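First comes the structure, then the notes that go with it.
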Ligand SMILES: Cc1cc2nc3c(=O)[nH]c(=O)nc-3n(C[C@H](O)[C@H](O)[C@H](O)COP(=O)(O)O)c2cc1C
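Numbering (this note's numbering), first residue to last: 1418 to 1809.
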């Protein structure tokens, strides 16, 4: 199988088969099936919300490459008059810079530096993109879901219900099926805002925002949590507070207060994995450790510095049933071993087939060291996730 993997890696460097998950299943008897927000996926690799999901042609490239899911750029909520309390987040900024970033522990990684925030075109334009995303999702070619940032009040203020109502209902209508699948973003720039200085205020948002959204329309809701400027235990408090969501996406980028920008790299994955480690093993699905009843908690999806199959497995071993990447799609082309194809194809080629640190190699290693056993002759990616939740 290792020799086969080396051959496939070389061969697919020129062209990745779109249905590579079926190929992996037939050739290696490895089932890569994964889950995101109630959707069954052929494999765990998706694209996080950002500048790489702004239009139909980006979605089409991702569909053609065989990506499992995409989260559309975050739109800033508005009420029926067009008023946006989070308008400061709808800033226009086009220039992104991919930079090397050394972590506090001295590991070299990549980060994207960018001063923009949310969707900066009209809400109607966003609704048109949501209609396209809904069609792709229904056709089974690519799961693509919208993302929103809604009004976040201070502790002594009420929520602007009109914003929640108008935006959620408009999205539900454009989505055209029940329930609407939606991500709610608590972004890293928010961590740099005075609004997020107060722990009680953040925990109230996490408890009440899902209630506000669900009051507007039937929604399957993913909450994407930020890395707040507090300690690891507070990250756990945030997970517990947001546990009425259907899925938790953990955790968005860190915030560099000195430069006023969000960043990623190894500091991000080390922190995220360290916090998730505190939930597992023994937590089902990840939140027992913080008081959520087994079997009733939300699913967990990982994000942060994922650039190899091994990192996908690090997140999976801590309970993540799928992953969302952003930075790895933006590296200089010379960083990918593939010699042809779209960036999305090159990313998938490296993540899945790299004989040293790809997903197939990593799953075969887990089998070899006795961590993962075949079931019905197959290795299952989701067994790695289930095992994270099993008491030891
Ligand atoms: C330029 C840029 C813009 C982003 N915009 C959003 C956004 O609008 N909404 C959101 O939820 N996440 C946003 N993200 C976060 C990514 O989706 C992802 O979760 C995060 O960057 C961590 O993954 P990575 O290390 O693979 O980049 C953005 C990230 C980058 C780099």
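We put the CB at the ideal spot given by N, CA and C, even for glycine.
All values reported here derive from a predicted model rather than from experimental measurement.
Residue i versus the options, residue with shortest Cα-Cα distance
{"i": "residue 1768", "options": "1515, 1429, 1510", "result": "1429"}
{"i": "residue 1523", "options": "1729, 1747, 1779, 1687", "result": "1687"}
{"i": "residue 1601", "options": "1457, 1565, 1421", "result": "1565"}
{"i": "residue 1762", "options": "1772, 1750, 1773", "result": "1750"}
{"i": "residue 1528", "options": "1498, 1745, 1756", "result": "1745"}
{"i": "residue 1788", "options": "1752, 1556, 1730, 1738", "result": "1730"}
{"i": "residue 1514", "options": "1507, 1506, 1533", "result": "1533"}
{"i": "residue 1658", "options": "1616, 1679, 1682, 1674", "result": "1616"}
{"i": "residue 1572", "options": "1520, 1597, 1554, 1626", "result": "1626"}
{"i": "residue 1547", "options": "1569, 1598, 1578, 1497", "result": "1598"}
{"i": "residue 1665", "options": "1719, 1690, 1654", "result": "1719"}
{"i": "residue 1683", "options": "1775, 1520, 1764", "result": "1520"}
{"i": "residue 1798", "options": "1445, 1675, 1677", "result": "1445"}
{"i": "residue 1388", "options": "1463, 1726, 1443", "result": "A question about residue 1388 goes unanswered here, because the residues of the chain that appear run from 1418 up to 1809."}
{"i": "residue 1492", "options": "1474, 1467, 1480", "result": "1467"}
{"i": "residue 1554", "options": "1498, 1610, 1488, 1496", "result": "1488"}
{"i": "residue 1736", "options": "1695, 1772, 1776, 1742", "result": "1695"}
{"i": "residue 1725", "options": "1717, 1716, 1741, 1715", "result": "1741"}
{"i": "residue 1449", "options": "1756, 1738, 1759", "result": "1738"}
{"i": "residue 1727", "options": "1801, 1681, 1504", "result": "1801"}
Bridge partner(s) assigned by DSSP for residue i
{"i": "residue 1821", "result": "The requested residue 1821 is not part of the displayed model; the chain covers only 1418 to 1809."}
{"i": "residue 1639", "result": "1600, 1664"}
{"i": "residue 1458", "result": "1451"}
{"i": "residue 1486", "result": "1463, 1560"}
{"i": "residue 1491", "result": "1564"}
{"i": "residue 1679", "result": "1672"}
{"i": "residue 1796", "result": "1447"}
Supposed contact pair residue j and residue i - C-beta distance, whole angstroms, cut 8 angstroms
{"i": "residue 1476", "j": "residue 1561", "result": "6 angstroms"}
{"i": "residue 1536", "j": "residue 1507", "result": "7 angstroms"}
{"i": "residue 1595", "j": "residue 1635", "result": "5 angstroms"}
{"i": "residue 1591", "j": "residue 1544", "result": "4 angstroms"}
{"i": "residue 1691", "j": "residue 1649", "result": "6 angstroms"}
{"i": "residue 1455", "j": "residue 1663", "result": "6 angstroms"}
{"i": "residue 1758", "j": "residue 1432", "result": "6 angstroms"}
Minimum length 4: unbroken alpha helix (DSSP H) runs contained in the segment 1703 to 1776: 1726 to 1733, 1760 to 1770
At 3 residues or longer, what runs of the beta strand (DSSP E) sit wholly inside the segment 1570 to 1596? none
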